[in-house]
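Using the numbering used here, the first residue of the sequence shown is number 73, and each one after it goes up by one.
Each remark here refers to the structure printed beneath this line.
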Amino acid sequence: MEIGRMDYRFTALLIVMMCLLTFFLKPAHSAETQTNVSGSNTSIEGGYTGGATTYQSGSSSNTTTNSTSNSNIKSSPPTSSAPSYNSMTQDVCAVGGSLGVQTFGLGISGGKHFIDKNCERLKLARILNDFGMKVAAVAILCQDERVFESMIQAGTPCPIDGKIGKEAKALWSKYDHERPDYDIYVKRMKAREKIQKQIEKKEALEEKRLAKEQAKMTKEFNEFDKQVEKKIKEKKKNIKWKEPK
73 MEIGRMDYRF
83 TALLIVMMCL
93 LTFFLKPAHS
103 AETQTNVSGS
113 NTSIEGGYTG
123 GATTYQSGSS
133 SNTTTNSTSN
143 SNIKSSPPTS
153 SAPSYNSMTQ
163 DVCAVGGSLG
173 VQTFGLGISG
183 GKHFIDKNCE
193 RLKLARILND
203 FGMKVAAVAI
213 LCQDERVFES
223 MIQAGTPCPI
233 DGKIGKEAKA
243 LWSKYDHERP
253 DYDIYVKRMK
263 AREKIQKQIE
273 KKEALEEKRL
283 AKEQAKMTKE
293 FNEFDKQVEK
303 KIKEKKKNIK
313 WKEPK
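Below, the structure is given as structure tokens:
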């Protein structure tokens, strides 16, 4: 019986406590307001003060963020590579050349080989000399205008039509248009003619000046002779001849 009374008391105490809690406690309300705009959450708790803005308990804040991004990206195309030419291991007289142009929209490249005439000339002259054809070797070297000019300056003109020496020089003077250095030769001859005309003009002026001076001196001598003759005649008139005794 004593145990049953304690259970009743305990139950009654719980009921009284629940009634008191229900009477004194108010319904719970959320003190936090969240607004999500454009993926951004802003949470403001009650009693927060920052800077010049004060948020009271239970206040809410809405934040809106607008973002605009523009990108203009230009990527360069692959580089245009000019082709290469390798002649290191070949006995040829060729030189390679290449060119490449690259822009943002287009790339162009190309290559070509060029024959080196001077290299060929040297190889041919060397082979002819090895065969004992010295005149022929000199003749093929004389195709170069520098060699031709040096041979003329040395007094050993290049061979022409099987002629050498003075006979070759005469033929080169007659058929000067066949000279390898014809353009330079004509230019040099015109310059020499111009200088020769200037020299002749100076010589003519000098001869004319000398002729004037000579004529002047001749005139002066003639006048002097006349004066001398005149004085002699006057003296002769004044002389009195006496007959010898």
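All residues carry an ideal CB built from backbone N, CA and C; glycine is no exception.
In the structure shown, Ile236 adopts coil according to DSSP, grouped into three states.
Shortest Cα-Cα distance from His185 to any of Asn201, Gly168 and Leu277 involves Gly168. Per DSSP, the unbroken alpha helix (DSSP H) holding Ala211 starts and ends at Lys206 to Leu213.
According to the DSSP secondary-structure assignment, His185 is paired through a beta bridge with Gly168. Each residue's CA atom was taken as its position, placing Lys189 and Lys195 some 10 Å apart. Straight-line spacing of the CA atoms in Leu178 and Leu171 works out to 14 Å.
Here Ala211 is not near Cys191, since their CB atoms are 8 Å or more apart. Our two residues, Glu295 and Lys288, have alpha carbons roughly 11 Å apart in a direct line.
Cα atoms of Ala166 and Thr175: separation of roughly 30 Å, rounded to the nearest angstrom.
Each residue's CA atom was taken as its position, placing Phe293 and Glu265 some 41 Å apart. Assignment of beta-bridge partners to Gly179 by DSSP yields Gln174. Around Ala263, the same chain offers no residue with a beta carbon nearer than 6 Å, after the five sequence neighbours per side are excluded. A distance of 8 Å or more separates the beta carbons of Ile180 and Glu217. In the three-state reduction of the DSSP assignment, Thr83 falls in the helix class.
The straight-line gap separating the alpha-carbon atoms of Lys280 and Pro252 is approximately 43 Å.
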